[in-house]
Structures are given as C-alpha cells and as structure tokens.
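Visitor:
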Amino acid sequence: MALADYTSELIATAQFLAAPGKGILAVDESTKTIGKRLGSIGVENTEANRQAYRGMMFTTAGLGEFISGTILYEETLFQSHADGESMVDKLGKLGITPGIKVDKGLRPLGGANAVETLCTGLDGLVERAADYYAQGARFAKWRAVLQITADGCPSALSVRENAWGLARYARSVQESGLVPIVEPEILMDGNHSIETTARIQEQFIQEVYHACFANGVLLEGTLLKPSMTVQGADCPDKADPAKVAAMTVRTLERSVPASVPGIVFLSGGLSEEAASVYLNHMNSIERKAKWNLGFSYGRALQHSCLKGWGGSNVEAGQQALIARAQANSEASRGQYVPGSQPSSDEQLFVAGYTY
Ligand code: 13P
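Residue numbers (the numbering used here): 209 to 563.
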C-alpha cells in the first residue's frame, strides 16, 4: 500500500476528526508522565491503575457528542478494559476514533543550544504505523518542541530539524493510512513577549509547511496541533483573551495553508478555564481563513477529571470530563459562556515539562 491508496480515507478521517463542535482528547502520556499525574492523587503507577483511569474516561456516556478522537499511548491501544473489552472497542461504542502517539520522545539536538531537542522515532515508522492501523488506529501524533530563550533559541538548526522531522513523520504515517497530527509546540517557558512568540511561531509553522510540500504530504489528510500564541510564563505583561485570540489567528492565517482542514490546539499548561476562554474568543472574531479551530487538549481536559476520579470515583471523574468536553465543544463554536461548566483556574504550566 502507498499514500495514493489511502487518499480518500485520509481526507475523510481528517474531516471527521475536525468536525465542527468536536475535538480530540489527548490521553497519550508516556508511562513516566502518567506516573506523575497518578502520583499527584496518591495513586501508584501500575498497569492496572492506568487501565482503570483511562477505562473510566473511555466509558463516559455521551462523550462522543463532543469528542471525535482520542490520542492513545501504545500500551492503551493494545489494552483491554478491566471488563475484558478492548479499549478500542470501548471508544468505538462512543463513536470516537482512536489515534496513537508515534514519536519516541525528545533527545538533545547536537550542534544546537543546550536546551534544544529533536523528536525521534522515524526509523521503521511506516511499518509501525501499519501495525497501529491494523489495531484500529486511524490517526497519529508527533510532537516537536521549540523553546524561546534570551540567548538565541530557537536556533535556525532547531527550526529546520524539527520542521523536517514533522514532515517526514507526516509522510510516513500517511503511507500506512494514518492521518498525521502535526504538532509544532512552542513551550511557554521564558519571559518573552507575545509578539516574540508570534514572530517565531509564524516562521516555524511556515517552515513546517515548506517541509510538508517537499515531502509530498497530502495536506487535506492532516491536522495541525499548535500551541496558542501566548507570552512566556514569566513575562509580566499578560495578554488578555482578546489579544491572545487575535495574535493566534493572525499567526495561523500567515502560516497555515487553506487546504489543512482543521487546527486543534494543545493546552500546553494553560488552565482549564483559560484554554476554553481563549478558544472561544478565536471562534468569536472575524477570520479570513475557514479552517475549523478546535482542541486536542491533554491537561485542560483531564485535570478536574483526574482529581474527581481520585483513584476510584468513576462517576465524579466522568462528570468532570464531560463538563470540560462540552465546554470546549461550545468554545469551538464560539458559544462558551465562561464559568458555565465546572472548571479549574489552576495554572497547569510546569517549567521544563516533558510529555
Ligand atoms: P496538553 O494539552 O496537556 O499540552 O497536551 C496535549 C498534547 O498532546 C501534548 O503533546
């Protein structure tokens, strides 16, 4: 099989995932990262507890009304719920398409600034993607990360390497029928202004699409997952939601081709409420481009859910999850009334965060 065999399926999957009023639930934390989350509620990081937590989310009645896809970690794609039914089938019953994180994490980028990284996992990716497809996955995720620092990051080398890696990944998984979520994240670490973020993000995303063009990526069968255009976490000058929305939309309009069907933001350490409010603003203002602006949140969908669940309270966890899913669905239509659903204002930003 080759990309050409999957063209119409890739386009249909991308459109399904980016359907108006729906978004993606990111549950693809590595075993180490989910261990930190479970640790924060005093739950041990065992396979049974990971299964219980994720199984609770994947049996939330009505979730498919607001969520079109879920990004899984490899363990979960091949795992069953405690009741014996596979997680893939649980999601299928809710009308949710499973996806898979395919990158193998960040490594230091030799020749660049000490904090800079490249994203690994290209070796054998076409074959791995075919296995994931056979298991039921229909989309993939790869997260490349840039940092902004006072001493010159991101370097030109880092921008080029990370953009190229995203495009090679996108092409590779499309060869096996998976829609690539292209995730060029700019970390919130630092004290830079929102204008600085906008300038660097615009250049990075442009470079990503130059590389996609060079690799023959089918743009109609992709989604973009950017960070929102915000100032560094330590910048004293905090932009209000209207400015974040205007700067984010301007940045994307300057860099994302019209053929990309959907843009699904990561939450990147924003609080649950801020992630909804910013998205709502973006969907309430005049825009030149037509792509759907939605969400693919991890922390901003799971924070209250994890706390509500607390290791055993399935009902409280599911209630919190569906509340945030509905809020973000409304925000993706510009219809969210801030505070109308239970949420947390707690900043979820962690310096030097690794996913
Ligand atoms: P956050 O929304 O927690 O940033 O996670 C989304 C994600 O998939 C990061 O790669």
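Glycine included, every Cβ here is placed at the ideal spot set by N, Cα and C.
Rank 385, 553, 488, 463 by C-alpha distance to the C-alpha of residue 534 and give the top, closest one.
Guide: Taking only the C-alpha atoms, the option nearest residue 534 is 488.
Visitor: On the DSSP bridge list, what partners appear for residue 504?
Guide: Residue 504 is bridged to 232.
Visitor: Please identify the residue among 522, 259, 457, 386 whose C-alpha is closest to the C-alpha of residue 209.
Guide: Here the closest residue by C-alpha is 386.
Visitor: Is any beta-carbon of chain B found at less than 8 Å from that of residue 393?
Guide: Protein chains in the displayed structure number just one, and chain B is not present.
Visitor: Nearest to residue 379 by CA position, among 393, 476, 430, is which residue?
Guide: It is 430 whose Cα lies nearest to the Cα of residue 379.
Visitor: Which whole runs of the beta strand (DSSP E) in the segment 283-333 are 3 residues long or more, in chain order?
Guide: Listed in chain order, they are 305-309, 314-316, 325-327.
Visitor: For residue 348, which of 371, 389, 375 has the nearest alpha-carbon?
Guide: For the residues 371, 389, 375, the minimum Cα distance to residue 348 belongs to 389.
Visitor: Could you check whether the segment 272-280 touches the segment 319-339, counting it as contact only if at least three pairs of C-beta atoms, one from each stretch, sit closer than 8 Å?
Guide: Because the criterion of three Cβ pairs below 8 Å is not met, the segment 272-280 and the segment 319-339 do not touch.
Visitor: In three-state DSSP terms, what is residue 452?
Guide: In this structure, residue 452 counts as helix in the three-state DSSP scheme.
Visitor: Between residue 425 and residue 467, what straight-line distance do the alpha-carbon atoms span, to the nearest angstrom?
Guide: Going by the C-alpha atoms only, they are around 11 Å apart.
Visitor: Closer than 7 Å to a non-hydrogen atom of the ligand 13P - does that hold for the CB of residue 474?
Guide: Yes.
Visitor: Taking the Cβ atom as the reference point for each residue, do residue 352 and residue 373 lie within a distance shorter than 8 Å?
Guide: Yes.
Visitor: Given the structure, does residue 344 come close to the ligand 13P, in the sense that its CB is under 7 Å from one of the ligand's heavy atoms?
Guide: No.
Visitor: Heavy atom of the ligand 13P less than 7 Å from the Cβ of residue 349, yes or no?
Guide: The answer is yes for residue 349.
Visitor: Evaluate residue 306 with the Cβ neighbour count: other Cβ atoms within 10 Å of its Cβ, from every protein chain shown; 16 or more gives buried, anything less gives exposed.
Guide: Buried.
Visitor: For residue 433, which option in 239, 401, 454, 501 has the closest C-alpha, if you only look at C-alpha atoms?
Guide: Closest by alpha carbon: 501.
Visitor: Does any heavy atom of the ligand 13P sit closer than 7 Å to the C-beta of residue 553?
Guide: No - the ligand 13P has no heavy atom lying nearer than 7 Å to the Cβ of residue 553.
Visitor: Go through its chain and collect everything with a Cβ distance to residue 344's Cβ below 6 Å, but skip five positions before and after it.
Guide: Closer than 6 Å at Cβ, skipping near neighbours: 296, 306.
Visitor: Where does residue 473 fall in DSSP's three states?
Guide: If DSSP states are grouped into helix, strand and coil, residue 473 belongs with the strands.
Visitor: Quick one, which of 314, 537, 551, 546 has its alpha-carbon nearest residue 226's?
Guide: Closest by alpha carbon: 537.
Visitor: Check the C-beta distance from residue 517 over to residue 524 and give it rounded, since I have them as a contact under 8 Å.
Guide: Contact holds; Cβ gap of about 6 Å.
Visitor: Measuring only from the beta carbon, is residue 480 closer than 7 Å to any heavy atom that is part of the ligand 13P?
Guide: Not so, every heavy atom of the ligand 13P lies at least 7 Å from the Cβ.
Visitor: Can you look up residue 541 in the DSSP assignment and give me helix, strand or coil?
Guide: In this structure, residue 541 counts as coil in the three-state DSSP scheme.
Visitor: Keeping to the same chain, check which residues put their C-beta closer than 7 Å to that of residue 530; ignore five residues upstream and five downstream.
Guide: Hits under 7 Å: 268, 270, 271.
Visitor: For the ligand 13P, I want to know if residue 506 counts as a neighbour, meaning its beta carbon is within less than 7 Å of at least one of the ligand's heavy atoms.
Guide: True, at least one ligand heavy atom lies under 7 Å from that Cβ.
Visitor: Measure the alpha-carbon distance for residue 366 versus residue 559 and round it to whole angstroms.
Guide: Roughly 20 Å separates the two Cα atoms.
Visitor: Is residue 331 close to the ligand 13P? I mean its beta-carbon at under 7 Å from any heavy atom of the ligand.
Guide: No - the ligand 13P has no heavy atom lying nearer than 7 Å to the Cβ of residue 331.
Visitor: Tell me which same chain residues have a C-beta within less than 6 Å of the C-beta of residue 526, skipping the five on either side of it?
Guide: Excluding sequence neighbours, residue 526 sits near 268.
Visitor: Can you tell me where the beta strand (DSSP E) with residue 349 in it begins and where it stops?
Guide: Residue 349 -> beta strand (DSSP E) spans 347-354.
Visitor: Less than 8 Å separating the beta-carbons of residue 469 and residue 428?
Guide: In contact: residue 469 and residue 428 (Cβ atoms closer than 8 Å).
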